[in-house]
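See below for the structure under consideration.
2 protein chains.
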Amino acid sequence: MRLAELSTRSGVSTATIKYYLREGLLHPGRRVTATQAEYDEGHLRRLRLVRALIQVGRIPVNSAREVLAALQDEGLDPNRRLGTAVWALPHGPAPDEADPATETARQTADELMDRLGWRYGGPSGETPTVPAYGMLITAIAALSRLGYPCATADLEPYARAMERIAATDLDLVERYGTPDEQVEAAVALTVLYEPVLLSLRRLAEAEESRRRFDGR
Amino acid sequence: MRLAELSTRSGVSTATIKYYLREGLLHPGRRVTATQAEYDEGHLRRLRLVRALIQVGRIPVNSAREVLAALQDEGLDPNRRLGTAVWALPHGPAPDEADPATETARQTADELMDRLGWRYGGPSGETPTVPAYGMLITAIAALSRLGYPCATADLEPYARAMERIAATDLDLVERYGTPDEQVEAAVALTVLYEPVLLSLRRLAEAEESRRRFDGR
DNA sequence: AAGCATGGATAGTGGCGCTATCCAACCGAG
DNA sequence: CTCGGTTGGATAGCGCCACTATCCATGCTT
Numbered sequence: 084m085r086l087a088e089l090s091t092r093s094g095v096s097t098a099t100i101k102y103y104l105r106e107g108l109l110h111p112g113r114r115v116t117a118t119q120a121e122y123d124e125g126h127l128r129r130l131r132l133v134r135a136l137i138q139v140g141r142i143p144v145n146s147a148r149e150v151l152a153a154l155q156d157e158g159l160d161p162n163r164r165l166g167t168a169v170w171a172l173p174h175g176p177a178p179d180e181a182d183p184a185t186e187t188a189r190q191t192a193d194e195l196m197d198r199l200g201w202r203y204g205g206p207s208g209e210t211p212t213v214p215a216y217g218m219l220i221t222a223i224a225a226l227s228r229l230g231y232p233c234a235t236a237d238l239e240p241y242a243r244a245m246e247r248i249a250a251t252d253l254d255l256v257e258r259y260g261t262p263d264e265q266v267e268a269a270v271a272l273t274v275l276y277e278p279v280l281l282s283l284r285r286l287a288e289a290e291e292s293r294r295r296f297d298g299r
Numbered sequence: 084m085r086l087a088e089l090s091t092r093s094g095v096s097t098a099t100i101k102y103y104l105r106e107g108l109l110h111p112g113r114r115v116t117a118t119q120a121e122y123d124e125g126h127l128r129r130l131r132l133v134r135a136l137i138q139v140g141r142i143p144v145n146s147a148r149e150v151l152a153a154l155q156d157e158g159l160d161p162n163r164r165l166g167t168a169v170w171a172l173p174h175g176p177a178p179d180e181a182d183p184a185t186e187t188a189r190q191t192a193d194e195l196m197d198r199l200g201w202r203y204g205g206p207s208g209e210t211p212t213v214p215a216y217g218m219l220i221t222a223i224a225a226l227s228r229l230g231y232p233c234a235t236a237d238l239e240p241y242a243r244a245m246e247r248i249a250a251t252d253l254d255l256v257e258r259y260g261t262p263d264e265q266v267e268a269a270v271a272l273t274v275l276y277e278p279v280l281l282s283l284r285r286l287a288e289a290e291e292s293r294r295r296f297d298g299r
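Line by line, the protein sequences are chains A and B. If you count the first sequence from 1, position 54 lands on 137 in our numbering, and the numbers rise without skipping. If you count the second sequence from 1, position 63 lands on 146 in our numbering, and the numbers rise without skipping.
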């Protein structure tokens, strides 16, 4: 398959494909002459993944490159690959340590982690802190700066719901046989289900609000 | 309060505040002389909301202006204000109707809406379709284009979890007494809980994955 | 009266995700 | 074998966005 065919079959312009090649999001094709290369189904699949990450998952090109690099780093075992890939996903600005709201947000988050028995956040010793923990602190601090309550008890129902969702996520991932497929599926499903979740939440809010206020 | 104080108390540079004033995200201060204006606590609070929407919620400035305009449109009743504000939130690219995956995605989504008894998506007659429905279609289509399963049955657990979350959201909103406060709270909580949810999901995934694969 | 701060206007910056143009090499129809 | 059209590679440019820097007349402060 040549560039033009890759372009028509993926719906991505040749200029953009060249850009992705330059940026290392897509492997160069198999060189067949000095000025021509051959692409295969793997390139097509990869291109679709890139588009999905960038357009649906809104992941910056630089992060996408790191995520994809981790996904296929043959030197790492699958667990590390997944960890590296998820680590490379964008996770917003780091908490502003100068802001006192950050400190109380951290306490709230730690208490929540403790109550749930989660071990990837907070200061609880041997397990590493993942970037999502920083995201959580930043978001809680922003809420409390605005005067919205965000106590541990307020967050717990959300965390419980996410526990169920994470279990569903992993059930989906386990459908895949090989570790390679599982790692790619884990990343793709983590990223691509985010808009699904957010849109379902907005639909559910509209529905719940209709139910509660329909009479009025 | 003058510009400089508004700046120090909010942590936003005077240049950026002027930019927000220009863009209509912040009302002009009360003019006190030809070249000086006075700002109050309302400006400070509004400025914090703007920063939260833009930095935490990652909402583009243009959308934020529309959202804020809807929030304080005195000509509308609170329900309409909320609807307009949520409508103005960014909701990604519209589904690509040229893509056959969009058609099957729509069927899946409609079946889901039907099974859940939700009435703001799909073709089900009198209720309007909300933008979140388009977000959902786009995301499902992207997943299936990548070969990831996204049947109604796969989505249902996510939708059920979001039903619970929406109920929790509305419980939080109902803590506020006046309709004005409720409308602002609804928008702020919808937007600012998104990073909370996403980071909790990633933490829950890490935790669940540790539980499942710790032995290995 | 001196000197710095204020608010308003305007132009500029840096990053990002492409996109347009050019070019030599190449392929395939006639 | 020629010649129009295509290919991959390099480079520069574009449009958008969220600021940011500079300038200026005014005016408050001391």
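Where is the CB? At the ideal position from N, CA and C, for every residue including glycine.
Interface with chain A (8 Å Cβ-Cβ cutoff): B:Leu130 is excluded. Of all C-beta pairs linking the segment 135-146 of chain B to the segment 272-286 of chain B, three or more are shorter than 8 Å, placing the two stretches in contact.
Going by C-alpha positions, B:Asp254 is about 13 Å away from A:Arg294. Counting of Cβ neighbours within 10 angstroms places B:Pro262 among the exposed residues, the total staying below 16. Against chain B, the beta carbon of A:Trp201 has neighbours under 7 Å at Leu286 and Glu290, listed in chain order. Between the alpha carbons of A:Gly166 and A:Ala147 lies a gap of roughly 14 Å. Taking 8 Å as the cut-off, the Cβ atoms of B:Arg134 and B:Val95 count as close. Flagged as an interface residue toward chain B: A:Pro240, by a C-beta distance shorter than 8 Å. Residue range Gln119 to Glu121 is occupied by the beta strand (DSSP E) that includes B:Gln119.
When CB distances to chain B are screened at a threshold of 9 Å, the residues of the segment 115-148 of chain A falling below it are Arg128, Arg131, Leu132, Arg134, Ala135, Gln138, Val139, Gly140 and Arg141, in chain order. When DSSP assignments are scanned along the segment 219-293 of chain B, no uninterrupted stretch of beta strand (DSSP E) that is 3 or more residues long falls wholly within it. For B:Arg113, DSSP records a beta bridge to B:Glu121. The Cβ atoms of A:Asp182 and B:Glu288 lie no closer than 8 Å to each other. Using a 10 angstroms sphere on the CB of B:Val256, the tally of other CB atoms reaches 16 or more, which defines it as buried.
Annotation for A:Ala147: the continuous alpha helix (DSSP H) segment containing it runs Val144 to Leu154.
For B:Met84, not one C-beta of chain A is nearer than 8 Å to its own C-beta.
Just measuring C-alpha positions, the residue of A:Gly107, A:Ala192, A:Leu136 and A:Glu121 sitting nearest B:Val279 is A:Ala192.
The Cβ atoms of A:Thr185 and A:Ile220 sit closer than 8 Å to each other.
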